[in-house]
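Q: Just passing along the structure, written as structure tokens.
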Amino acid sequence: MTIPSTPPSPYTPLIATARLYAGWLLAWYALVFVLGGYQATGLLPLDVSWLEGIYRSPLVLLCAAGTFLFLLLSDLRKLVGPGSLRSVMFVAIWIGLVLSFARMT
């Protein structure tokens, strides 16, 4: 006689969903930076006026850096293991890094 397995949960954890959205957001930021870099050097044959504004915006750079740091630290958090104190520590590190990067830009 075999023991029936429990069905998988239809819900994913909140952090997994946030990491998925952050990955797509970082991909769009990378696309904006690549296209903006091509337009700034004159290699892009199109003239997209709003692209240069987004490319040169310090807010977009800060959001891209914050998204990258979120993905990096949440991956490190998964490697370290469970624990509420560790989670709070990683959130504090992320906030500190984003704020220090904001002061530099």
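Using my numbering, the letters of the sequence shown correspond one by one to residues 0 to 104.
Ideal Cβ placement from N, Cα and C applies to all residues, glycine included.
(1) Roughly how many whole angstroms lie between the Cα atoms of LEU98 and ARG55?
(2) Is the distance from the Cβ of ALA21 to the Cβ of LEU70 below 8 Å?
(3) Can you tell me whether DSSP reads TYR10 as helix, strand or coil?
(4) Provide the residue span of the alpha helix (DSSP H) that contains PRO57, from first to last.
(5) Using 8 Å for Cβ pairs, my map puts PHE89 next to ARG76. What's the rounded Cβ distance?
(6) Do TRP93 and LEU68 have their C-beta atoms within less than 8 Å of each other?
(7) How is SER4 classed by DSSP in three states: helix, strand or coil?
A: Judging by the given coordinates:
(1) The alpha-carbon atoms of LEU98 and ARG55 are separated by roughly 19 Å.
(2) Yes. Within cutoff.
(3) Taken through DSSP and simplified to helix, strand or coil, TYR10 comes out as coil.
(4) Boundaries of the alpha helix (DSSP H) around PRO57: 57-79.
(5) PHE89 to ARG76, Cβ: 5 Å. Contact.
(6) Contact flag set, yes.
(7) In this structure, SER4 counts as coil in the three-state DSSP scheme.
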